[in-house]
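Reading through the structure tokens given below for one structure.
Protein chains: 2
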Amino acid sequence: MSIDPPSNLTTPAFTRPSSPAPQLPPSPLKSGKHKIAVIGSGSWGSALAKIAAENAWKRHDEFHSEVRMWVREKQVNGKKLTEVINRTHLNSRYLPDIPLPRNLVATPHLKDVVKDATLIVFVTPHQFLHTVIREISAPGILTPGARAITAIKGVEVNGTDISTFASLIEAQLSIPTSALSGANIALEVAKGQFCETTIGVPGRADALLWEAVFDSPDFRVATVDDVAGVSLSGALKNIVALAAGMVDGMGMGGNTKAAILRIGLQEMRGFCLEFFAGSKAETFSNESAGIADLITTCYGGRNRKCAEEFAKTGQPFDVIEKKLLNGQKLQGTLTSEEVNRFLLARRRTKGYPLFEKVYKIAFEGMPVNELVKGL
Amino acid sequence: MSIDPPSNLTTPAFTRPSSPAPQLPPSPLKSGKHKIAVIGSGSWGSALAKIAAENAWKRHDEFHSEVRMWVREKQVNGKKLTEVINRTHLNSRYLPDIPLPRNLVATPHLKDVVKDATLIVFVTPHQFLHTVIREISAPGILTPGARAITAIKGVEVNGTDISTFASLIEAQLSIPTSALSGANIALEVAKGQFCETTIGVPGRADALLWEAVFDSPDFRVATVDDVAGVSLSGALKNIVALAAGMVDGMGMGGNTKAAILRIGLQEMRGFCLEFFAGSKAETFSNESAGIADLITTCYGGRNRKCAEEFAKTGQPFDVIEKKLLNGQKLQGTLTSEEVNRFLLARRRTKGYPLFEKVYKIAFEGMPVNELVKGL
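Protein chains in written order, with my numbering: chain A, 47 to 421; chain B, 47 to 421.
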């Protein structure tokens, strides 16, 4: 297929202080170029794919221009979604009205997406991740020397063990895996509104590569040496967002909500430092993935919204989910359950009173006004 | 005058884990009790005075029950404000509808307020502070062994010197001075909505005393060994709130706003660590005075609101102030000017790009959409 220039590469809104871009680590491909694949095409996947494709186009000496994006094929008005995206350069289903670069190619088969890819972006709904990993971990599929990054939020608990998705991918595919998280509402990112993100990396080469893939004047990347912290902050903030929504639903004011955010941030940081060796308090205090994402999520976002409804109506979360989310799943309640199960198994619930209360209010009938008592 | 029990002491919303209250440092008064005076009676002053008077009443073995509050006398509907407050136990002018404890006594003369006081709370508008200090620093007015705390926000710049109000009070009155700041919208505090605050103290005795004066189930005090950090955070947050309001006024989304808060918090912390020896990064990252107050101020509050109007209309801040604030002064623009003057004198504006941009946009005609460029 022929690749036209991206339809939406405009002059950047401002010029950054121009230090020459550092030399990228070498590609394992014969072409000498890196090749980006994006697994996932929801609103967040499409927004990230858009940025990656724009950067690949601009730095075509170092990247293959074509960026493939895995789309689970479905029919949209009688047409295949992949064909719609590739013809109109719009993801009509998940990110309508945002023109996608022409060098971003929707692809229905996972194997075609990751073929020759040296840089693989995981951004599927988390329930698909195991299937995806199984499929691409078959011999001969992945390019030796490939690297991964995940933008999937959540954790997995097995008894007294807890894993981030970055550690799962790294363990099962045996490739270095980074994590991307930040104050990044997908639609705002896609529209090019200024924001920041954080990438937790296992090493310097990963930092250089993923910064080249994602950094742009409107999407400022900071890299930190803390994959677990970045992964965890993106998951745990959703528990705090439930608490924030409950505060809103009870009609409490800004002081109370700010107190909940502060306590929530402390529990997030404490949890990470206690259970993930090598993680860093600064990721939570200083980075977009920590404090900034927490703020965005607790003042916007669906976890906050559903918890507000929960506090107002007393309806169970699964009912509210169906009523308000149009088929999407609530991340916060899922993470709350996983984290509670883990803390029970480790006999450490008492160390995390806010997490524990959110769980008990959401699932065990504790009255919602108990939330702020005795914190 | 006879003192009836406070009219509004109700059962606390919850019982805290009851460790016995620690023994307070001895009072210099012959009675052996401490005596609280509150200088200021605006909404924030009245809210703090209410809490202090309730605590003094509850701990009458350690505190004189009567708490005096300085009220600049004015006529309200033909009656003296002090008399209205003392008869109705309502501050009809600045905190209407909130019943004040009966042991809180409005007093028009400063000397009567601080007579025998061992614990003096400064919470006047900052422009009155120098007059107040001058008046009570005359010989024989202050009780030897008295301590002070300030809840006044702002800084004072003289050439290359910068002072907090806590350091001014301490220097001019030669008494140990603490600082109180936190995510504390006055009306919400007065209503007893759960919130937290931070008190920066110069020593252990101050921590015990001020915690006894202010801590309550709905107004949770944390003390930190960082008077400057607590003072500065309360002042500098208002500059960031101007930036947040500008983002709102430009119609930018939650990502951008969260990025501004994150960058703002970093500049606040950096400023304090650079110019105030002994201050602590944790005050900003962990405490209500830091991150939590910043959030509250950037999502509510008048600095945000006026800056939003500024970005929308292009009117100068003094016009907006008159239009929206009903005679009150905007703290953020004042602090922005002071901080900019100080940074210029120190040739350090480049270290604080967000502070510098807010100043240039507010006062030097820089277009507001420059705010997020190149941060």
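Think of the CB as a built atom: it goes at the ideal place given N, C-alpha and C, for glycine as much as any other residue.
- prompt: Roughly how many whole angstroms lie between the Cα atoms of TYR40 (chain A) and ILE407 (chain A)?
  reply: Look at the range of chain A in this structure, 47 to 421, and you will see that residue 40 (chain A) is not part of it.
- prompt: What do you get for ALA184 (chain B), buried or exposed, if any count of 16 or more other CB atoms within 10 angstroms of its CB means buried?
  reply: Start at 1 with the first residue of the second sequence, and residue 184 (chain B) comes out as number 138. The residue in question, ALA184 (chain B), is exposed, as its Cβ has fewer than 16 Cβ neighbours within 10 Å.
- prompt: Roughly how many angstroms lie between the CA atoms of HIS172 (chain B) and MET314 (chain B), to the nearest whole one?
  reply: Walking along the second sequence from the start, residue 172 (chain B) turns up at place 126. Walking along the second sequence from the start, residue 314 (chain B) turns up at place 268. Looking at the two C-alpha atoms, the distance is approximately 20 Å.
- prompt: Out of B:ASN101, B:ALA391, B:GLU257, which has the shortest C-alpha to C-alpha gap to ASP207 (chain B)?
  reply: Position 161 of the second sequence, counted from the start, is the residue given in the question as residue 207 (chain B). Checking every option, the nearest Cα to that of ASP207 (chain B) belongs to B:ALA391.
- prompt: Pick from B:VAL267, B:THR302, B:LYS125: whose alpha carbon is nearest that of GLU333 (chain B)?
  reply: Numbered from 1 along the second sequence, position 287 holds the residue referred to as residue 333 (chain B). Ranking B:VAL267, B:THR302, B:LYS125 by Cα distance to GLU333 (chain B) puts B:VAL267 first.
message: My output table needs one value for GLY310 (chain B): the three-state DSSP class, helix, strand or coil.
response: Working through the second sequence from its first residue, we reach residue 310 (chain B) at position 264. The answer is helix: DSSP assigns GLY310 (chain B) an H, G or I state.
task: State yes or no: is the C-beta of THR329 (chain A) within less than 7 Å of the C-beta of VAL247 (chain A)?
output: Position 283 of the first sequence, counted from the first residue, corresponds to residue 329 (chain A). Position 201 of the first sequence, counted from the first residue, corresponds to residue 247 (chain A). Against a cut-off of 7 Å, the Cβ pair of VAL247 (chain A) and THR329 (chain A) comes out as no contact.
field: For ALA290 (chain A), the first and last residue of its enclosing alpha helix (DSSP H)
entry: Looking up residue 290 (chain A) in the first sequence gives position 244. Run containing ALA290 (chain A): 273–295, per the alpha helix (DSSP H) assignment.
message: Does the structure place the region 370–390 of chain A close enough to the region 183–203 of chain A that three or more beta carbon pairs sit under 8 Å?
response: yes
query: Quick one, which residues of the region 320–334 of chain B are near chain A if we go by CB-CB under 7 Å, in chain order?
result: SER331, ASN332, SER334
query: Under three-state DSSP, which class holds THR381 (chain A)?
result: On the first sequence, residue 381 (chain A) is found 335 positions in, with the first residue counted as 1. The answer is helix: DSSP assigns THR381 (chain A) an H, G or I state.
- request: Please classify ALA268 (chain A): does DSSP put it in a helix, a strand, or coil?
  value: Your numbering for residue 268 (chain A) matches position 222 in the first sequence. The answer is strand: DSSP assigns ALA268 (chain A) an E or B state.
- request: Name the two residues that bound the continuous alpha helix (DSSP H) containing VAL404 (chain A).
  value: The residue given as residue 404 (chain A) occupies position 358 in the first sequence. Segment 399–409, the alpha helix (DSSP H) holding VAL404 (chain A).
- request: Take the Cβ of PRO147 (chain A) as the centre, count every other Cβ of all protein chains shown within 10 Å, and call the residue buried at 16 or more, exposed below.
  value: Translated into the one-based positions of the first sequence, residue 147 (chain A) becomes position 101. So PRO147 (chain A) counts as buried.
Host beta strand (DSSP E) of GLU202 (chain A) (start-end): Walking along the first sequence from the start, residue 202 (chain A) turns up at place 156. Note, GLU202 (chain A): beta strand (DSSP E), 201–204.
query: Where DSSP assigns a beta bridge to SER227 (chain B), which residues make up the other side?
result: Walking along the second sequence from the start, residue 227 (chain B) turns up at place 181. DSSP, once it has assigned bridges, lists B:THR244 as partnering SER227 (chain B).
Euclidean distance between Cα positions of SER228 (chain A) and PHE388 (chain B): By one-based count along the first sequence, residue 228 (chain A) stands at place 182. By one-based count along the second sequence, residue 388 (chain B) stands at place 342. The identity of residue 228 (chain A) in the sequence shown is Gly, whereas the question assumes Ser. GLY228 (chain A) and PHE388 (chain B): Cα-Cα distance of roughly 33 Å.
task: Could you name each continuous alpha helix (DSSP H) segment of 4 residues or more that falls completely within the region 142–185 of chain A, going from the start of the chain to the end?
output: 156–160, 175–182
message: According to DSSP, ALA83 (chain B) sits in a beta bridge with which residue or residues?
response: Residue mapping note: residue 83 (chain B) aligns to position 37 of the second sequence, counting from 1. Answer by DSSP bridge pairing, in chain order: B:ARG114, B:ILE166.
message: I need the DSSP call for VAL414 (chain A), collapsed to helix, strand or coil.
response: By 1-based counting over the first sequence, the position of residue 414 (chain A) is 368. Looking at VAL414 (chain A) - three-state DSSP - the assignment turns out to be helix.
task: Would you kindly work out how many angstroms separate the C-alpha atoms of LEU214 (chain B) and ALA232 (chain B), rounded to a whole number?
output: Within the second sequence, the letter at position 168 stands for residue 214 (chain B). Within the second sequence, the letter at position 186 stands for residue 232 (chain B). Cα-Cα distance, rounded: 24 Å.
- prompt: Under the DSSP definition of a beta bridge, which residues are partnered with GLN121 (chain B)?
  reply: For the purposes of this step, residue 121 (chain B) is taken as the residue at position 75 of the second sequence. GLN121 (chain B) pairs with B:LYS126.
query: Nearest CA to the CA of ILE195 (chain B): which residue from B:CYS241, B:ASP339, B:LYS403, B:LEU94?
result: On the second sequence, residue 195 (chain B) is found 149 positions in, with the first residue counted as 1. Looking at the Cα atoms, B:LEU94 is the closest of the given residues.
Which listed residue (B:ASN149, B:PHE363, B:VAL122) has its alpha carbon closest to that of ALA99 (chain B): What you label residue 99 (chain B) is simply residue 53 of the second sequence in a count that begins at 1. Comparing Cα-Cα distances from ALA99 (chain B) to each of B:ASN149, B:PHE363, B:VAL122, the minimum goes to B:ASN149.
task: Would you kindly check if the distance between the Cβ of ARG250 (chain A) and the Cβ of ALA338 (chain B) is under 7 Å?
output: In the second sequence, the residue the question calls residue 338 (chain B) occupies position 292. In the first sequence, the residue the question calls residue 250 (chain A) occupies position 204. No, these two residues do not count as a Cβ contact at 7 Å.
message: Using beta carbons (cut-off 7 Å, strictly below), is GLN239 (chain B) in contact with chain A?
response: For the purposes of this step, residue 239 (chain B) is identified with residue 193 of the second sequence, where counting begins at 1. It does: the Cβ of GLN239 (chain B) has a partner Cβ on chain A nearer than 7 Å.
- request: Compute the Euclidean distance between the alpha carbons of LEU340 (chain A) and ASN230 (chain A), then round it to the nearest angstrom.
  value: Taking the first sequence and counting its residues from 1, one reaches residue 340 (chain A) at position 294. Taking the first sequence and counting its residues from 1, one reaches residue 230 (chain A) at position 184. About 11 Å.
Counterpart residues of SER262 (chain A) in DSSP-defined beta bridges: Stepping through the first sequence from its first residue, residue 262 (chain A) is reached at position 216. Note: SER262 (chain A) sits in a beta bridge opposite A:PHE265.
task: May I ask you to report which of helix, strand or coil DSSP gives PHE322 (chain A)?
output: The residue given as residue 322 (chain A) occupies position 276 in the first sequence. Here PHE322 (chain A) sits in coil by DSSP.
message: Based on DSSP bridge pairs, tell me the residues matched to ASP207 (chain A).
response: Here residue 207 (chain A) refers to the residue found at position 161 of the first sequence. For ASP207 (chain A), which the question treats as bridged, DSSP gives the partners A:ASN204.
task: Can you grab the Cα-Cα spacing for the pair LEU291 (chain B) / GLU354 (chain B), in whole Å?
output: The residue labelled residue 291 (chain B) in the question sits at position 245 within the second sequence. The residue labelled residue 354 (chain B) in the question sits at position 308 within the second sequence. As written in the sequence, residue 291 (chain B) is Gly, which differs from the Leu given in the question. Taking the straight line joining both Cα atoms gives about 4 Å.
- prompt: If the cut is a Cβ gap below 7 Å, which residues of chain A does VAL235 (chain B) touch?
  reply: Counted from its first residue, the second sequence places residue 235 (chain B) at position 189. Going along chain A in sequence order, the residues near VAL235 (chain B) (Cβ under 7 Å) are ASN301.
- request: For GLU402 (chain A), decide whether its Cβ has a neighbour in chain B, counting only Cβ atoms nearer than 7 Å.
  value: Counting from one through the first sequence, the residue named residue 402 (chain A) turns up at place 356. It does not: the Cβ of GLU402 (chain A) has no partner Cβ on chain B nearer than 7 Å.
query: Just to confirm, does ILE215 (chain A) get its C-beta within under 6 Å of one of the non-hydrogen atoms of the ligand SAH?
result: The ligand SAH is not among the ligands present in this structure, which contains no ligands whatsoever.
Sufficient close CB pairs (3 or more, under 8 Å) joining the region 158–178 of chain B to the region 130–142 of chain B: no
task: With a 10 Å radius around its C-beta and 16 neighbouring C-beta atoms as the bar for buried, classify SER220 (chain A) as buried or exposed.
output: Along the first sequence, read from residue 1 onward, the residue named residue 220 (chain A) stands at position 174. Looking at its Cβ environment, which holds fewer than 16 other Cβ atoms inside 10 Å, SER220 (chain A) is exposed.
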